[in-house]
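Reading through the structure tokens given below for one structure.
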Amino acid sequence: MRIALIAHDEKKPDLIDFAQNHEERLAQFDLIGTGTTGKRIMEETNLEVERKASGPYGGDMMIGAEVAEGTCEAIIFIRDVLTSQPHEPDISALLRICDVHDVPLATNLSSAEHVIDGLADEIGADE
């Protein structure tokens with residue numbers, strides 16, 4: 002199962018903490034992420050993350066394409082909703098494509114906990 006990890010700059014420490022706290026569970030998945038987020042997660046955990054471009058350079062759209070192709074089954078995207086993002090149309094498109102394809106999308110740490118729990122349960126049920 003392939004999941005994406007994304008975080009805006011001000012939220013990267015939160016996602017890194019999440020990844021550290023859930024490293025064993027996340028290691029069960031094929032992980033992808035936007036450029037800097039993926040790099041930071043790999044530097045601060047033992048997780049491997051396939052890095053796409055940074056969000057403002059098309060990384061969100063690259064992950065959205067994987068959702069549309071059916072190769073990304075969930076997204077954890079810790080957003081900074083209090084800061085304007087230069088690539089807001091790309092972010093909106095990513096959120097929309099998750100809705101269109103019924104792909105789980107967590108946009109805060111509470112929902113990320115539920116998504117990771119549900120996905121881990123799903124993997125356990127498949128074994």
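Per our numbering, the sequence shown starts with residue 2, numbered consecutively. Ideal Cβ placement from N, Cα and C applies to all residues, glycine included.
- For the pair Ile79 and Lys53, the CB atoms are not nearer than the 9 Å cut-off.
- About 7 Å separates the beta carbons of Asp91 and Gly56, which is inside the 8 Å limit, making them a contact pair.
- By the criterion of at least three beta-carbon pairs nearer than 8 Å, the segment 2-17 is in contact with the segment 38-51.
- Taking C-beta atoms as the reference points, Glu67 and Arg3 count as a pair closer than 9 Å.
- The C-alpha of Thr72 lies about 16 Å from the C-alpha of Arg97.
- With respect to the C-alpha of Glu89, the residue from Ile76, Ala75, Leu110 and Met62 having the closest C-alpha is Met62.
- For Gly71, no alpha helix (DSSP H) encloses it, and the DSSP letter there is neither H nor E.
- A straight line joining the alpha-carbon of Thr84 with that of Asn109 spans about 15 Å.
- Annotation: Val50 is outside any alpha helix (DSSP H); the continuous beta strand (DSSP E) that includes it extends over Val50 to Arg52.
- With respect to the C-alpha of Leu27, the residue from Asp15, Ile42, Val104 and Pro14 having the closest C-alpha is Ile42.
- Contact check for Glu74 against Val101 fails: the beta carbons are separated by 9 Å or more.
- In the structure shown, Phe30 adopts coil according to DSSP, grouped into three states.
- Taking the Cα of Ala121 as reference, the smallest distance to any Cα among Glu25, Leu106 and Ala107 is reached at Glu25.
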